[in-house]
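Report on the structure given below.
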Amino acid sequence: MSHLSIIIPTLNAQAHVDAFCVALASQSRQPDRLLVLDSSSEDGSAALWRQRGFEVINIPRGEFDHGGTRNLGARLAADAGGPGIAVFLTQDAIMANPATLAALIEPLEDGRAAACFGRQLPSAGASNAERYARYFQYRAQSVLRSSKDLETPGVRAVRFSNVCSAVRLDKFWSVGGFPERTILNEDMLLAAKLLKAGEQVCYAASAEVIHSHDYSWKQQFRRNFDIGVSFSDAGELLEGVRTGGEGLQFAAGQLAYLRRLGKPDEMVPAAADLGARWLGFQLGRRHHFWPRSLKKRLSMHSYYWDQKRKK
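Residue numbering for the sequence shown follows my numbering, beginning at 2 and increasing consecutively.
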């Protein structure tokens, strides 16, 4: 049985600690090590994690990096118990059933895959538009992907999410871990690296977590601006990966879903949300044309541009 570490980057997570730990305690497979990488929280949540048995590593707020911080956790996990398996979760990803953790790591332990990610279900209070988004992106059928899937131009070939993911640490480090100093999408970039190296990546539909966000259209714009930046800067890793086809499919499907529900009043804000996603992504892909001061205003991760300036 593999040594199993759970790694969670956190920031002011007080509202999530109890639910996260209750769900974790119910798992049929329990981890060997619990690591929290906390970005200098100010709500007392670091102490709460410690009380529940987590090791808490403090990260200065301005030094957080989506890839680099998780790589730090992976190095600590490897130091503790050999190569093993590292599970990456976010503080608001609540495991939905007692088999979530076991289902997530099963393809790694039996040798089918080098990395695996789980299914994200909408929270009880999620809007209809967000419910459709979860079900569109995270479907009920498990999938095992290989390098052959890179021949398919759509973004689904490299989809991967650190909201709920697991990696075999030997395979993870063989491709250098997560890329560092990326604004977003370090998870998708890792999947692309593994597939290009001849490894297989699994989507485990039975590894379910509850995780959804009803972002405002402004938040969607900023998030998708950052996604566009990450695609622009990915170079050959995402070369040939196109997003337009799936984006159009998602937009048409979401509006049709709301119409079928008899919610025409929700179609206008949904259309505004879709427009904000598209515009943010397009501007992000062209970020090299914009001054840093403007990019900071358009971005959800404005600190990234200060870090980039210091490089």
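Quick reminder that beta carbons are idealized off the backbone N, C-alpha and C, glycines included. All values reported here derive from a predicted model rather than from experimental measurement.
Nearest-angstrom Cα separation, counted from residue j out to residue i
i: arginine 34; j: leucine 77; result: 10 Å
i: asparagine 72; j: glycine 178; result: 6 Å
i: arginine 30; j: arginine 157; result: 29 Å
i: glutamate 200; j: glutamate 209; result: 23 Å
i: valine 269; j: threonine 244; result: 23 Å
i: arginine 132; j: glutamate 267; result: 13 Å
i: alanine 97; j: alanine 16; result: 17 Å
i: glutamine 1; j: glutamate 237; result: Any property of residue 1 remains undetermined from this structure, which presents the chain solely from 2 to 312.
i: glycine 276; j: lysine 219; result: 11 Å
i: glutamate 64; j: proline 84; result: 26 Å
i: glycine 248; j: serine 148; result: 23 Å
i: valine 57; j: serine 213; result: 25 Å
Buried versus exposed, by CB contacts within 10 Å (16 or more), residue i
i: asparagine 163; result: buried
i: serine 46; result: buried
i: aspartate 274; result: buried
i: proline 61; result: exposed
i: phenylalanine 290; result: exposed
i: proline 32; result: buried
i: glutamine 221; result: buried
i: arginine 135; result: buried
i: valine 23; result: exposed
i: aspartate 171; result: exposed
i: glycine 112; result: exposed
i: alanine 198; result: exposed
i: arginine 217; result: Arginine is not the amino acid found at residue 217; the sequence shown has serine there. So serine 217 ends up on the exposed side.
i: glutamine 255; result: buried
DSSP bridge partner residues for residue i (one or two, in chain order)
i: tyrosine 204; result: Phe118 and Val144
i: phenylalanine 251; result: Answer by DSSP bridge pairing: none, since phenylalanine 251 is not bridged.
i: aspartate 150; result: Beta-bridge pairing links aspartate 150 to no other residue.
i: cysteine 165; result: Leu90
i: isoleucine 95; result: Ile211
i: valine 57; result: Val37
i: isoleucine 7; result: Leu35 and Val88
i: glycine 155; result: Arg243
Beta carbon proximity, residue i to chain D, threshold 8 Å
i: glycine 178; result: The structure shown contains no chain D; it is built from a single protein chain.
Same chain, Cβ closer than 7 Å to residue i, neighbours up to 5 away in sequence not counted
i: glutamate 110; result: Ser3
i: serine 231; result: Thr183, Ile184, Leu185 and Asn186
i: tyrosine 114; result: Rather than tyrosine, the amino acid found at residue 114 in this sequence is alanine. So the qualifying residues of the chain are Pro108, Leu145, Gln201, Val202 and Cys203.
i: lysine 70; result: Strictly speaking, residue 70 in this sequence is threonine, with lysine absent from that position. Pro10, Leu38 and Ile60, listed in sequence order.
i: phenylalanine 21; result: Gln92 and Ile95
Own chain residues within Cβ distance below 6 Å of residue i, not counting five before or after
i: glycine 68; result: Phe179, Pro180, Glu181, Thr183 and Glu187
i: lysine 297; result: Ser303 and Trp306
i: glutamate 107; result: none
i: serine 207; result: Ala104
i: leucine 5; result: Pro32, Asp33 and Ile86
Beta-carbon contacts of residue i that lie in its chain and below 8 Å, excluding the five residues immediately before and after
i: arginine 1; result: Outside the modelled stretch of the chain, which goes from 2 to 312, sits residue 1, for which no answer is possible.
i: alanine 253; result: none
i: glycine 54; result: Leu35
Check: residue i C-beta below 7 Å from any heavy atom of the ligand SAH
i: proline 10; result: For the structure depicted, the ligand SAH is absent and the ligand set is empty, with no information on it obtainable.
At least 3 beta-carbon pairs within less than 8 Å: the segment 113-133 vs the segment 47-55
no
Does the segment 96-109 touch the segment 187-194, meaning 3 or more C-beta pairs lie closer than 8 Å?
no
With contact counted as at least three CB pairs below 8 Å, one residue from each stretch, are the segment 135-153 and the segment 83-95 in contact?
no
Three or more C-beta pairs closer than 8 Å, one from the segment 280-289 and one from the segment 222-232: is that the case here?
With the rule of 3 Cβ pairs closer than 8 Å, the segment 280-289 counts as touching the segment 222-232.
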